[in-house]
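Peer 1: Here you go, one structure.
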């Protein structure tokens, strides 16, 4: 699934990020079970890094997060530090107003939970600064209230005018880009960034993101494996850069394509060589040069020199060559989390299922000689699994806020047996969306209370499923998603072959709410503006008039029309995915809120069309043509979009049999050839016809 609704404007600054308030707890619960409380940062640090780091303790300083930025001055070297988030606070490194600085041998330990970047930097005087040997593998959990401008591992600000080397960094599980370095090129001072021998996993929106002329990503690894918090692009190259990717290995997992190129506005230029990846997507005007050594068999081993823990980074050590799955395995002996919870099924005759939520962080462990169960699920502050004649163990910080146990297993917290009934149950009701291998199913539902992801009945935990103010959006294929919730389901929309059950009973989505819960309005500015808008559900005109009476065309999930003085309103299901415009910029709102047009597709609607029609021919035809403007594949006149047809810069090569191929373009056709009997129809200003 690919939802870009949280992609931020590169111009937003870390200073504008909101603080999360999710550290507030239930005081009554805390008083009743005070033994569940965190025992203090000093003891966490003291016990958390004992294994394999005792000799290095004198070589680095531990900084307890204190809700503040640390400002790095001109020429300063910030090194040999552990920054500890286990007390629930945030702490960030700020070098947006300095030059010739260095951040070296730094480890971030514990889960970051605020709407802040961990590192926000720029070299503002045209010199070279460095970030090297940094561990950010514990990641960040997006707070319930956020601005979409924070939660980056490393963010390079628009002010950057010099050069930054980022090497030997381990960046995993960050919700708003692992290394976000496209702002200087896209809307800033054009500074360059070189990402070299870095390792990234399970980051959303992307792991590595560049834009400016001369920026590079070399000998680095990025992937999604389904075991982390998020999924996103491995590499995203924005306009207007002349960038380079060499010697890299990218695996997108369940995400759509590992490499994404282009966005809105200017041309994106990039060269890719000696790189293994499992798919590439292009948007807008992309000039891609493919070098030698390209393939689809990425090696996800960790590059040499990348630290695998916070202590290793802070002490100046590193280890490489370890595979992604090995490096991400949790080891309780080296955990910074203070408390333990054990589900002991020894001696029981049946399996016991469990699910619990903590206030701060949780990870599997080997306490009490437990084995780490690959079938158990950990998602942010939630964990779930089953035990039979064995036990599962976890370490956590904060309090156990919810606990559900179905079976006879014994539960111990910090070695003390507890009664699960003393802790509030997980949300009582459960909704399961069961997908099908026939096609993708998109779903959306709204509850009057709370909703949260669940691993119920083997459901996947997909962090790209969005939960916003009681409304859940998601996609399933040949798997299932599950959510626990409180209150009532007010709205349920399902698009696809998937089925829905609530508390084990199959339900009909038509029994819940309306088919088109959202309102889209396009308001004119006084001059005619053409638009094409696409949603990932269905859309209809919100008027008693027929669409053709309003000069409006609706085809499935896409609407085309023109607006001048007044406005046009539509109702739709799903989410808004793409907006294209011609001859102006109207105001577009969804459910009363104005959207940011730069977050939705290519705003420029190409005016001309060329159609190759092979439906009346006995044999296939091949064709090629070149334009002096832009050209993209189109579904105009129900044409097919064939991935075997090639669009390179302004040149197109393809073939048709008993179907149609179509392309949108601007400018003029400079060169044209066809072999076969297919008919060709060129329509200038086709959208006005």
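Residue numbers (the numbering used here): 3 to 691. Glycine included, C-beta positions come from ideal geometry on N, C-alpha and C.
Residues in its own chain within less than 6 Å of residue 670 by CB, not counting five upstream and five downstream?
Peer 2: If we look at residue 670 and ignore the five residues flanking it on each side, its Cβ neighbours are 630.
Peer 1: In chain order, what residues of the same chain lie with their CB nearer than 6 Å to the CB of residue 535, ignoring the 5 residues before and after it?
Peer 2: The answer, listed in chain order, is 561 and 581.
Peer 1: Between which two residues does the alpha helix (DSSP H) harbouring residue 314 extend?
Peer 2: Here the alpha helix (DSSP H) through residue 314 covers 312-316.
Peer 1: DSSP state of residue 672, grouped into three classes?
Peer 2: Note: residue 672 maps to strand in three-state DSSP.
Peer 1: Residue 418: buried (16+ other C-beta within 10 angstroms of its C-beta) or exposed?
Peer 2: Looking at its Cβ environment, which holds fewer than 16 other Cβ atoms inside 10 Å, residue 418 is exposed.
Peer 1: Whose CA, out of 343, 237 and 434, lies closest to the CA of residue 446?
Peer 2: Nearest of 343, 237 and 434 to residue 446, Cα basis: 434.
Peer 1: Starting from residue 185, follow the alpha helix (DSSP H) in both directions and report where the run begins and ends.
Peer 2: Residue 185 -> alpha helix (DSSP H) spans 185-189.
Peer 1: Helix, strand or coil: which one does DSSP assign to residue 414?
Peer 2: Note: residue 414 maps to strand in three-state DSSP.
Peer 1: Rounded to the nearest angstrom, what separates residue 134 and residue 171 at their Cα positions?
Peer 2: Their backbone Cα atoms lie some 6 Å apart in a straight line.
Peer 1: Which residue wins for smallest C-alpha separation from residue 241, given the options 228, 430 and 192?
Peer 2: Taking only the C-alpha atoms, the option nearest residue 241 is 192.
Peer 1: Between the Cα of residue 168 and those of 212, 160 and 161, spot the shortest distance and give me the residue it belongs to.
Peer 2: The candidate whose alpha carbon is nearest that of residue 168 is 212.
Peer 1: Which residues mark the beginning and the end of the beta strand (DSSP E) in which residue 666 is found?
Peer 2: Note, residue 666: beta strand (DSSP E), 662-667.
Peer 1: Enumerate in chain order the residues of its own chain whose CB-to-CB distance from residue 2 is below 8 Å, with the five nearest sequence positions on each side excluded.
Peer 2: Because residue 2 is not part of the residues shown, which for the chain are 3 to 691, the question remains open.
Peer 1: Tell me whether the beta-carbon of residue 378 lies closer than 8 Å to the beta-carbon of residue 386.
Peer 2: In this structure, residue 386 lies closer than 8 Å to residue 378 by Cβ.
Peer 1: Between the C-alpha atoms of residue 223 and residue 255, what's the straight-line distance to the nearest angstrom?
Peer 2: Each residue's alpha carbon lies about 13 Å from the other.
Peer 1: Spell out a yes or no on whether the stretch 70-81 and the stretch 90-109 are touching, meaning 3 or more CB-CB pairs, one atom from each, closer than 8 Å.
Peer 2: With a cut-off of 8 Å, the stretch 90-109 and the stretch 70-81 count as touching, because enough Cβ pairs lie within range.
Peer 1: Using the C-alpha atoms, what's the distance from residue 421 back to residue 38?
Peer 2: In this prediction, residue 38 has a pLDDT of 25, which is less than 50 and means its spatial position is unreliable; what the coordinates show is noted afterwards. Approximately 13 Å between the Cα atoms of the pair.
Peer 1: In whole angstroms, what separates the C-alpha of residue 672 from that of residue 183?
Peer 2: Cα to Cα, residue 672 sits roughly 37 Å from residue 183.
Peer 1: Excluding sequence positions up to five away, which residues of its chain have a Cβ less than 7 Å from the Cβ of residue 622?
Peer 2: Excluding sequence neighbours, residue 622 sits near 616, 657, 658, 659 and 678.
Peer 1: Below 7 Å CB to CB, which residues in the same chain sit around residue 461 once its five sequence neighbours on both sides are set aside?
Peer 2: If we look at residue 461 and ignore the five residues flanking it on each side, its Cβ neighbours are 434, 482, 483 and 484.
Peer 1: Hey, would you say residue 260 sits closer than 8 Å to residue 136, going by beta carbons?
Peer 2: Cβ atoms of residue 260 and residue 136: not closer than 8 Å.
Peer 1: Give every residue of the same chain whose Cβ lies closer than 6 Å to the Cβ of residue 73, excluding the five residues on either side of it in the sequence, and list them in chain order.
Peer 2: Result list for residue 73: 96, in chain order.
Peer 1: Between the alpha carbons of residue 478 and residue 538, how many angstroms are there, rounded?
Peer 2: Each residue's alpha carbon lies about 13 Å from the other.
Peer 1: Is residue 480 near residue 438, with beta carbons less than 8 Å apart?
Peer 2: In this structure, residue 438 lies closer than 8 Å to residue 480 by Cβ.
Peer 1: Kindly identify the DSSP beta-bridge partner or partners of residue 520.
Peer 2: According to DSSP, which records beta bridges pairwise, residue 520 is partnered with 574.
Peer 1: DSSP three-state label for residue 639, please.
Peer 2: Three-state DSSP puts residue 639 in a helix.
Peer 1: Can you have a look at residue 339 and say buried or exposed, based on whether 16 or more other CB atoms are within 10 angstroms of its CB?
Peer 2: The residue in question, residue 339, is buried, as its Cβ has 16 or more Cβ neighbours within 10 Å.
Peer 1: What whole-angstrom Cβ distance do residue 488 and residue 525 have, given they're in contact under 8 Å?
Peer 2: Actually they are not in contact, since the Cβ atoms of residue 488 and residue 525 sit about 37 Å apart, beyond 8 Å.
Peer 1: Tell me residue 407's beta-bridge partners as DSSP assigns them.
Peer 2: In DSSP, residue 407 forms a bridge with 356.
Peer 1: By the 10 Å Cβ neighbour count, where 16 or more other Cβ atoms means buried, how is residue 356 classified, buried or exposed?
Peer 2: When all chains shown are included, residue 356 counts as buried.
Peer 1: How close, in whole Å, do the beta carbons of residue 115 and residue 145 come, if the pair is a contact with beta carbons under 8 Å?
Peer 2: Going by Cβ atoms, the distance from residue 115 to residue 145 rounds to 6 Å, so yes, they are a contact pair.
Peer 1: Residue 624: which of 646, 608 and 640 sits nearest, CA to CA?
Peer 2: That would be 646, whose Cα lies nearest to the Cα of residue 624.
Peer 1: Express the C-alpha separation of residue 348 and residue 4 in angstroms, rounding to a whole number.
Peer 2: Summary for residue 4: the model assigns pLDDT 30, below 50, so the residue's position carries little reliability; its value from the coordinates is reported in the next sentence. Those two C-alpha atoms are separated by around 43 Å.
Peer 1: For residue 646, name the three-state secondary structure that DSSP assigns.
Peer 2: Coil.
Peer 1: Does residue 299 pass the burial test, meaning 16 or more other C-beta atoms within 10 Å, or should it be called exposed?
Peer 2: With fewer than 16 other Cβ atoms within 10 Å, it is exposed.
Peer 1: Less than 8 Å between the beta carbons of residue 662 and residue 639, yes or no?
Peer 2: Yes, Cβ-Cβ distance for residue 662 and residue 639 is below 8 Å.
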